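Protein chains in written order, with the working numbering: chain V, 189 to 300; chain F, 181 to 293.
For glycine and all other residues, C-beta sits at the position ideal for the given N, C-alpha and C.
Just so it is clear, the structure is predicted and the values come from calculations on it, not from any experiment.
If you want it as structure tokens, here you go:
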């Protein structure tokens, strides 16, 4: 199984809402990533988890809160987002010693 | 910050023609990878070339790497309408301890049937 799944596919939320994005992989990968991608732009790294520990936070605002409950799951908790946070949020994973990243289909987020 | 720049930003060709995309980067790398993204979807890994390699082939894909010029190119031969997508190069920086890729700005390829 070389699939990374993400839910939901689409999410519309108000600026006062709290929501969560979920990502799951069953490839035994120990590194998982969150990226943000605006239209016609490349993915921008947000967070990296390695062995369920946060290893990289690219100075992301605290209204984005990542969580890695176990080696297969990665969450991104959203609270008090701004309209400019509307984007495609991509999750990826990679194996130990493997440089290739496997991406999920993304969650299209719209903040009103 | 994104260290890779790609050109052209957009490319439109006819089916059967070859498509060439270029990527430049700024720092030393362990490897360089190419990914494809269909509109609004996740990225799919195409090919990885290591810093000690100069050329690599995979099916209709040919990738070259020139570390002295800090540049790479992706050639898609005999293109098909299904190749229509955005293509991104991504670099794995050398010896930073970061397990993170830096993506280039991307090339949007349109293959006309």
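Residue i: contacting residues in chain F (beta-carbon distance under 9 Å)
i             : result
residue 249/V : Those within 9 Å of residue 249/V in chain F number zero; the least Cβ separation is about 17 Å.
C-alpha distance - residue i paired with residue j, whole-angstrom precision
i             : j             : result
residue 242/V : residue 240/F : 38 Å
residue 212/F : residue 230/F : 6 Å
residue 257/V : residue 240/V : 7 Å
residue 300/V : residue 235/F : 47 Å
residue 181/F : residue 232/V : Its pLDDT being 33, under 50, residue 181/F is placed unreliably in this model, and the value from its coordinates should be taken loosely. Distance between the alpha carbons of residue 181/F and residue 232/V: 8 Å.
residue 292/V : residue 197/F : 30 Å
residue 293/F : residue 194/F : 6 Å
residue 283/V : residue 217/F : 21 Å
residue 195/V : residue 283/F : 24 Å
residue 237/V : residue 278/V : 14 Å
Contacts of residue i in chain F (Cβ-Cβ under 8 Å)
i             : result
residue 288/V : 213, 225 and 228
residue 276/V : 220
Contacts of residue i in chain V (Cβ-Cβ under 8 Å)
i             : result
residue 284/F : 230
residue 221/F : 293 and 294
Run of the beta strand (DSSP E) containing residue i, from where it starts to where it stops
i             : result
residue 187/F : 185-187
residue 261/F : First-last for residue 261/F: undefined, no H or E at that position.
residue 242/V : 241-245
residue 254/V : 252-258
Neighbour list for residue i in chain V, Cβ cutoff strictly below 9 Å
i             : result
residue 272/F : 287
Contacts that residue i makes with chain F (C-beta to C-beta distance below 7 Å)
i             : result
residue 233/V : 280
(request) Only counting runs of 3 or more residues, tell me where the beta strand (DSSP E) segments fall wholly within the stretch 199-235 of chain V, in order along the chain. (result) 206-213 and 219-225
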